[in-house]
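Below is one structure; the comments refer to it alone.
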């Protein structure tokens, strides 16, 4: 495991997004991820990446109204055209900025919709994403999000993600595994990683409960990071947490679990 990243959407929020790249560099990160980078132009992001010797390893496909409490796009029947346009925007950013992976948020089952049509819409949209991303050598991933923080989310656990992989049947598609969300769902984090690592394309971490930095709650990250370092997992491992203290003071875990020679 040699690809440690920091999420600029949840960390360093004390300053505007465009100022967070410099802070990531100051704290020794060489890779960053951004949930939704679209408030900045491609040129603005590229300038920051170049100036601070950073790579951008993951972005999300625009998710419509999901982050404002709505149902989102990817798994919502009737939103196929809007999802296609969002996907093209993400691919535009990813291609220009050499982003190796994009994350697709399934969205929430609408209160007035049956589950099966939503899952069918999601599988069709994921197939489209696989097709279009493969043309640009981009890895598509989709994320499981716990049903406490986001009720009615369409893919909440490993079993549901495995079913969706079976439905899509495309070798390019992988899971994005967020340790916090899976801990909230009662998963054994280490065992789930060990059993599913071949189907995981991106990993994120925060402690649980609280979603703060490691060593603030109950997840044993010492054994998780040790196993990942010894595994064949080739992807990124990204800090995506809500700092319990000032962001700049939240990196004790980094010196404890990661050394500079573990990064590339």
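In my numbering, the protein residues as written are 184 to 447. Beta carbons: idealized from backbone N, C-alpha and C, even for Gly. Model, not experiment: these values are computed from the prediction.
With H, G and I counted as helix, E and B as strand and the rest as coil, what does DSSP make of residue i?
{"i": "residue 221", "result": "helix"}
{"i": "residue 300", "result": "helix"}
{"i": "residue 326", "result": "strand"}
{"i": "residue 336", "result": "strand"}
{"i": "residue 357", "result": "strand"}
{"i": "residue 210", "result": "coil"}
{"i": "residue 430", "result": "helix"}
{"i": "residue 379", "result": "helix"}
From this set, the options, which residue's C-alpha is nearest residue i's C-alpha?
{"i": "residue 314", "options": "375, 408 and 274", "result": "274"}
{"i": "residue 268", "options": "439, 404, 256 and 422", "result": "256"}
{"i": "residue 200", "options": "350, 214 and 223", "result": "223"}
{"i": "residue 329", "options": "342, 323, 322 and 194", "result": "342"}
{"i": "residue 254", "options": "283, 376 and 292", "result": "292"}
{"i": "residue 220", "options": "206, 407 and 241", "result": "241"}
To the nearest angstrom, how far is it from the Cα of residue i to the Cα of residue j?
{"i": "residue 237", "j": "residue 247", "result": "28 Å"}
{"i": "residue 302", "j": "residue 186", "result": "32 Å"}
{"i": "residue 208", "j": "residue 372", "result": "29 Å"}
{"i": "residue 191", "j": "residue 294", "result": "32 Å"}
{"i": "residue 339", "j": "residue 211", "result": "33 Å"}
{"i": "residue 183", "j": "residue 218", "result": "As shown, the chain starts at 184 and ends at 447. That puts residue 183 outside it, with no answer to give."}
{"i": "residue 297", "j": "residue 364", "result": "24 Å"}
{"i": "residue 304", "j": "residue 213", "result": "37 Å"}
{"i": "residue 348", "j": "residue 441", "result": "32 Å"}
{"i": "residue 264", "j": "residue 353", "result": "21 Å"}
{"i": "residue 444", "j": "residue 438", "result": "Confidence at residue 444 is low in this model, with a pLDDT of 41, below 50, so the placement of that residue is unreliable and no value is reported for it."}
To which residues does DSSP link residue i through a beta bridge?
{"i": "residue 309", "result": "Residue 309 pairs with nothing; no bridge assigned."}
{"i": "residue 422", "result": "189 and 388"}
{"i": "residue 215", "result": "189 and 239"}
Inset, instruction - Would you check if the region 224 to 231 and the region 420 to 432 touch, i.e. whether three or more CB-CB distances between them fall below 8 Å? - result: Touching, no.
Inset, instruction - Would you check if the region 353 to 361 and the region 376 to 383 touch, i.e. whether three or more CB-CB distances between them fall below 8 Å? - result: yes
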